[in-house]
Amino acid sequence: MTAQQPQAIYLEDYQAPAWLVTHTELDFELEEEQTLVRARLSIKSNPESGGKRQPLVLNGHEDMELLRLSIDSQVLDSGDYRREGELLTIANVPDQFVLECVTRLLPHENTALEGLYKSDGMFCTQCEAEGFRRITFFPDRPDVMSIFKTTLTAEKSRYPILLSNGNPVASGEESDGRHWVTWEDPWPKPAYLFALVAGDLEVLEDRYLTASGREVRLQIFAERKDLDKLEYAMESLKKAMRWDEEVYGREYDLDIYMIVAVDFFNMGAMENKGLNIFNTSCVLAHPKTTTDAGFQRVEGVVAHEYFHNWSGNRVTCRDWFQLSLKEGFTVFRDAEFSADMNSRTVKRIEDVSLLRTAQFAEDAGPMAHPVRPESYIEISNFYTLTVYEKGAEVVRMVHALLGPELFRKGSDLYFERHDGEAVTTDDFVKAMEDASGRDLTQFRRWYSQAGTPRLNVTDSYDEASGEYQLHISQSCPPSPGQEHKQPYHLPLAFGLLGMDGTELRSGVLEVTAEEESFRFTGLNERPVPSLLRGFSAPVKLEYDYSDAQLLMLLRHDTDGFNRWDAGQRLCIRLMQEQIDAYRPGAEPSVPDALLNAWSELLLDEQLDPAMLAQCLKLPSEAQLAELADTIDVVAIHEVRKGMRKVIAEALEQQWLAAYQRCDLKDVAYSPDAESIGRRSLKNLALGYLMSTGREPWLELARQQYEQSDNMTDQLSALTLVVHSPHRESADELLQNFYLQWQHEPLVMNQWLSVQASDPAEGALERVKQLSEHPVFDAWNPNKLRALIGGFCGQNPIHFHNESGEGYAWLADWILHLDRQNPQVASRLLTPLTRWKRYDAARSALMQKQLQRMMDTPELSADVYEVVSKSLV
Ligand code: PHE
Ligand code: ZN
Numbered sequence: 000m001t002a003q004q005p006q007a008i009y010l011e012d013y014q015a016p017a018w019l020v021t022h023t024e025l026d027f028e029l030e031e032e033q034t035l036v037r038a039r040l041s042i043k044s045n046p047e048s049g050g051k052r053q054p055l056v057l058n059g060h061e062d063m064e065l066l067r068l069s070i071d072s073q074v075l076d077s078g079d080y081r082r083e084g085e086l087l088t089i090a091n092v093p094d095q096f097v098l099e100c101v102t103r104l105l106p107h108e109n110t111a112l113e114g115l116y117k118s119d120g121m122f123c124t125q126c127e128a129e130g131f132r133r134i135t136f137f138p139d140r141p142d143v144m145s146i147f148k149t150t151l152t153a154e155k156s157r158y159p160i161l162l163s164n165g166n167p168v169a170s171g172e173e174s175d176g177r178h179w180v181t182w183e184d185p186w187p188k189p190a191y192l193f194a195l196v197a198g199d200l201e202v203l204e205d206r207y208l209t210a211s212g213r214e215v216r217l218q219i220f221a222e223r224k225d226l227d228k229l230e231y232a233m234e235s236l237k238k239a240m241r242w243d244e245e246v247y248g249r250e251y252d253l254d255i256y257m258i259v260a261v262d263f264f265n266m267g268a269m270e271n272k273g274l275n276i277f278n279t280s281c282v283l284a285h286p287k288t289t290t291d292a293g294f295q296r297v298e299g300v301v302a303h304e305y306f307h308n309w310s311g312n313r314v315t316c317r318d319w320f321q322l323s324l325k326e327g328f329t330v331f332r333d334a335e336f337s338a339d340m341n342s343r344t345v346k347r348i349e350d351v352s353l354l355r356t357a358q359f360a361e362d363a364g365p366m367a368h369p370v371r372p373e374s375y376i377e378i379s380n381f382y383t384l385t386v387y388e389k390g391a392e393v394v395r396m397v398h399a400l401l402g403p404e405l406f407r408k409g410s411d412l413y414f415e416r417h418d419g420e421a422v423t424t425d426d427f428v429k430a431m432e433d434a435s436g437r438d439l440t441q442f443r444r445w446y447s448q449a450g451t452p453r454l455n456v457t458d459s460y461d462e463a464s465g466e467y468q469l470h471i472s473q474s475c476p477p478s479p480g481q482e483h484k485q486p487y488h489l490p491l492a493f494g495l496l497g498m499d500g501t502e503l504r505s506g507v508l509e510v511t512a513e514e515e516s517f518r519f520t521g522l523n524e525r526p527v528p529s530l531l532r533g534f535s536a537p538v539k540l541e542y543d544y545s546d547a548q549l550l551m552l553l554r555h556d557t558d559g560f561n562r563w564d565a566g567q568r569l570c571i572r573l574m575q576e577q578i579d580a581y582r583p584g585a586e587p588s589v590p591d592a593l594l595n596a597w598s599e600l601l602l603d604e605q606l607d608p609a610m611l612a613q614c615l616k617l618p619s620e621a622q623l624a625e626l627a628d629t630i631d632v633v634a635i636h637e638v639r640k641g642m643r644k645v646i647a648e649a650l651e652q653q654w655l656a657a658y659q660r661c662d663l664k665d666v667a668y669s670p671d672a673e674s675i676g677r678r679s680l681k682n683l684a685l686g687y688l689m690s691t692g693r694e695p696w697l698e699l700a701r702q703q704y705e706q707s708d709n710m711t712d713q714l715s716a717l718t719l720v721v722h723s724p725h726r727e728s729a730d731e732l733l734q735n736f737y738l739q740w741q742h743e744p745l746v747m748n749q750w751l752s753v754q755a756s757d758p759a760e761g762a763l764e765r766v767k768q769l770s771e772h773p774v775f776d777a778w779n780p781n782k783l784r785a786l787i788g789g790f791c792g793q794n795p796i797h798f799h800n801e802s803g804e805g806y807a808w809l810a811d812w813i814l815h816l817d818r819q820n821p822q823v824a825s826r827l828l829t830p831l832t833r834w835k836r837y838d839a840a841r842s843a844l845m846q847k848q849l850q851r852m853m854d855t856p857e858l859s860a861d862v863y864e865v866v867s868k869s870l871v
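Residue numbers (numbering that gives the first Met the number 0): 0 to 871.
See the structure below:
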């Protein structure tokens, strides 16, 4: 391979920065054709970087035009510095100096959506992880923290709103119709937290009084048409601010907190200091256009970004290998917040489902990496489920091992000790150790070892002595670059139940050895173990349950999560047997014992509908795929569909009763946990009814579609009809939905997704046509995720069609998108990276597309890294 191949960088090569930037003054002249940026950096050598004076090395993207460079007002000519690739080096600089730099940017041509770009006519920025180097030359690394002062100048009529981090300190008008605003952020921060916004925006305003009595101005900005969709985010923000005071003792630290909604955004949202920028999909919410899941997402993401103000901004990351320091911890914090605001068990079930399907699959794939990766080529590829979700599980285990009080003591110490610093995951663990007196040396392996550990549990019971033992052995399969794993330290929450459901014992075992046994005495009967309660560790647990034991746990376990999990285990076992034995045309079956148990659950009006809905959902196709040795997409799809039909028919009257019981007909829509739970059971019931294929239920779905006052019910009905064999109705409703919502981009994303995931014949042709449809916009990441992500991720039987055309279609898109938006291209590539999990014919076809990409010159570092690692 040529020398131009992107190079990996390694954690072990970390060196403290040679130069610090104490103050950063930025001046933006925002114009239609170009933006001029004047930067004034106060730089001094870092006393902690080891004596000898080093050259000044700054990062700067190749596309950025350098107009002028000076040191202490002395203009440098091209002989004084060297510009090579992404680096600018100045060999001779004094110990302390002011560097001035003028750059020219072309935001309207920025399709990568990193740095300064335009979204629907407004200017905005995205600097994490390495976008600031597209704005000016700077030591663009998170351990260089600086105090920012920013002035924005732009035409007032087009850009009446000019925002940046911190507080506005001055403003004025020019004679030529332009105006300017200066912002000062008193808190030192790394460049990745810098942001600006300029546009014609409306605002929803509110105020918040902090625990210590300071008043904070809250502002959420959006385009005029979306002004009616901001209230829920505002309520969520205030709840999050209160919660962080109560649960972590953390107060907000500026006079203003701003959120801006933008339609073009690579990720969900960004925690820029005092000026969060959000993907519209994570901030706009209205009953008519947003589903329950959408409301919950807004609540969770608003909280997540707010919580970053402490876990991420006040205490930040030393380098990008430490990404989970802020992300894992913040996901844990937002998950606990959502659990407190809604149903704790349901939130846990949802998070674990995601982990078990997508994160476990990542762990088993070519991009597997530890929570703290050891190397990367492109850091954007490491905003992963492993860093976020598994990282959160690791923090959750610390919480379980220490208990809530010591954990709080540890987080207090962490925030106090490291306030204003850029630190490592190790510093986090150390604070937890110091506050609790516990030794977490072995526990640290969760940060350094990749892969999903397996726990194998067996037990023994001695009737004569009443002694019961749990024998636990652990192992972890190899992952790229890590052949052998050391044993983990993990909390195993458990209960021991009598066969009638009485709880005999409960507690938390600390597992540390490769093999160990735990002894319980005084048991008069052989107990049924309820293991890994609440999913107390991110592992695969194997225990040879009998069907009768699982049914008992499904009925009686006092741990809601394990109740659900027992049902899932039972279903998975049944489904796997039939998947393994699958022959086209075979009739799936469901044993009476399961039908009876489900029937009993459905009749139990005491049960929380949200919980019931979770328990009565069959494991997803993605979950079954993750568990398979070789993934048979057709067998998985057909068996699941067939079993649904059997269950639907056997319990038809009960589904109808549940539907009617949960119908909130004359009550105004509210996204509270209880109503959400009722709607989820209602729509699950409607789904089963539709699975019978009987005419009256199609009518019921159509009626729900027409009469519902909210997007949850409307979209559920639409999806069920579109994904049913009733083609005519499907086309009619799709057309109707389009006409009703064509002016709402977020609803149109749903419209695209529903069609992209439609399992009916001809799916690839349909998505190809949709990619030509006027609502589709190949520059917009949300549209790409809805259509391409929807087809390749949510429509396995068609994406994996044996012709290989789905693979080729995706590869065509990746190669096209790689030139305009590498981050999005690289993410959409994920399904192809799993090629080793499929049968020989499919995996050869997938590999062929990967090879085709590999052979394409000038791939971005993003796509290059994923493709090259996948082919190993
Ligand atoms: N830091 C953001 C978050 O998790 C995610 C993000 C990463 C957004 C990179 C944009 C770019 O809150
Ligand atoms: Zn985050």
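Beta carbons: idealized from backbone N, C-alpha and C, even for Gly. In this text the structure is predicted, and so the values were computed from the model without any measurement.
### Message
I'd like to confirm something about T329: is its beta-carbon nearer than 6 angstroms to some heavy atom of the ligand ZN, or not?
### Response
Checking every heavy atom of the ligand ZN against the Cβ of T329, one is found closer than 6 angstroms.
### Query
Would you say the beta carbon of E361 comes nearer than 6 angstroms to a heavy atom of the ligand ZN?
No, since every heavy atom of the ligand ZN falls outside the 6 angstroms radius drawn around the Cβ of E361.
### Query
In three-state DSSP terms, what is L602?
Three-state result, L602: helix.
### Query
Does DSSP put R157 in a helix, in a strand, or in coil?
Coil, per DSSP.
### Message
For P695, count the other beta carbons within 10 Å of its own beta carbon; 16 or more makes it buried, fewer makes it exposed. Which is it?
### Response
Looking at its Cβ environment, which holds fewer than 16 other Cβ atoms inside 10 Å, P695 is exposed.
### Query
Grouping DSSP H, G and I as helix and E and B as strand, with all else coil, what is A268?
Strand, per DSSP.
### Task
With DSSP as the reference, please indicate the residues paired to S41 in a beta bridge.
S41 is bridged by DSSP to H22, V97.
### Through-space distance from D817 to E760, alpha-carbon basis
The alpha-carbon atoms of E760 and D817 are separated by roughly 30 angstroms.
#### Entry: Integer Cβ distance of L203 from L226, believed to fall under 8 angstroms
About 7 angstroms; that satisfies the 8 angstroms criterion.
### Task
Return the residue from the list E864, V633, V871 that minimises the CA-CA distance to I8.
When each option's Cα is compared against that of I8, the closest is E864.
### Query
Among the residues of its own chain, which have a CB less than 7 angstroms from the CB of E214, if the five just before and after it don't count?
If we look at E214 and ignore the five residues flanking it on each side, its Cβ neighbours are R206, L208.
### Message
Extract the residue ranges of the alpha helix (DSSP H) inside the region 368-452, only unbroken runs of 4 or more that lie entirely within it.
### Response
Fully enclosed alpha helix (DSSP H) runs of 4 or longer: 390-401, 403-417, 424-435, 444-447.
### Message
Suppose only complete runs of 4+ residues qualify. What are the alpha helix (DSSP H) ranges in the region 501-584, listed by chain order?
### Response
Within the region 501-584, the complete alpha helix (DSSP H) segments at least 4 residues long are 546-555, 559-579, listed from N- to C-terminus.
### Message
Assuming R643 is part of the beta strand (DSSP E), what are its boundary residues?
### Response
Per DSSP, R643 belongs to no beta strand (DSSP E); it is in the alpha helix (DSSP H), 632-649.
### Query
Where does the unbroken alpha helix (DSSP H) through W750 begin, and where does it stop?
Per DSSP, the unbroken alpha helix (DSSP H) holding W750 starts and ends at 744-755.
### Task
Under 7 angstroms Cβ to Cβ from K484, same chain only, skipping five residues before and after it: list those, please.
Q448, G450, C475, listed in sequence order.
### Message
Three or more C-beta pairs under 8 angstroms: does that hold for the region 283-302 against the region 245-256?
### Response
Judged by Cβ distances under 8 angstroms, the region 283-302 makes no contact with the region 245-256, as fewer than three pairs qualify.
### Message
As an exercise, report each continuous alpha helix (DSSP H) stretch of at least 4 residues that is fully enclosed by the region 674-748, in chain order.
### Response
Fully enclosed alpha helix (DSSP H) runs of no fewer than 4 residues occupy 694-706, 710-721, 726-740 of the region 674-748, in order along the chain.
### Message
Measuring alpha carbon to alpha carbon, tell me which residue in A194, L112, T102 is nearest Q819.
### Response
With respect to the C-alpha of Q819, the residue from A194, L112, T102 having the closest C-alpha is L112.
### Query
Between the region 673-687 and the region 253-268, are three or more C-beta pairs nearer than 8 angstroms?
Contact fails: fewer than three Cβ-Cβ distances are below 8 angstroms.
### Query
Taking one C-beta from the region 365-384 and one from the region 394-403 each time, how about it: are there three or more such pairs within less than 8 angstroms?
With a cut-off of 8 angstroms, the region 394-403 and the region 365-384 do not count as touching, because too few Cβ pairs lie within range.
### Query
Which residues mark the beginning and the end of the beta strand (DSSP E) in which N341 is found?
Neither: N341 is in no beta strand (DSSP E) and is coded neither H nor E.
### Query
Helix, strand or coil: how does DSSP classify A609 here?
Secondary structure at A609: helix, using DSSP grouped into helix, strand and coil.
### Query
Tell me the DSSP bridge mates of Y668?
Answer is none; Y668 lacks a bridge partner.
### Message
Given the structure, does Y191 come close to the ligand PHE, in the sense that its CB is under 6 angstroms from one of the ligand's heavy atoms?
### Response
Result no, Cβ not under 6 angstroms from the ligand PHE.
### Query
Taking Cβ positions, are L522 and G465 nearer each other than 7 angstroms?
With respect to the 7 angstroms criterion, L522 and G465 are classified as neighbours on the basis of their beta carbons.
### Query
Under a CB-based cut-off of 7 angstroms, is P773 close to chain C?
In the structure shown, chain C cannot be found, because there is only a single protein chain.
### Message
In this structure, how does DSSP classify P795 when only helix, strand and coil are distinguished?
### Response
The answer is helix: DSSP assigns P795 an H, G or I state.
#### Entry: Buried versus exposed, by CB contacts within 10 Å (16 or more), S77
Per the 10 Å Cβ criterion, exposed.
### Query
When you compare each of V36, V20, M63 to P46 by their alpha carbons, which one comes out closest?
With distances taken between Cα atoms, P46 lies closest to V20.
### Query
In terms of residues, what are the limits of the beta strand (DSSP E) holding R213?
If you look at R213, you'll find it isn't in any beta strand (DSSP E); DSSP assigns it neither H nor E.
### Query
Within 6 angstroms: the Cβ of L864 and any heavy atom of the ligand PHE?
As written in the sequence, residue 864 is Glu, which differs from the Leu given in the question. No.
### Query
Using a Cβ-Cβ cut-off of 7 angstroms (strictly less than) and excluding sequence neighbours within five positions of L412, which residues of its own chain qualify?
Within the same chain, L412 has close Cβ partners A430, D433, A434.
### Task
Would you mind working out which of I42, L283, M63 sits nearest S69, comparing C-alpha positions?
Per the Cα distances, I42.
### Query
What first and last residue would you give for the alpha helix (DSSP H) that runs through D291?
Here the alpha helix (DSSP H) through D291 covers 291-306.
### Query
Under the three-state reduction of DSSP, which class applies to M853: helix, strand or coil?
Correct three-state label for M853: helix.
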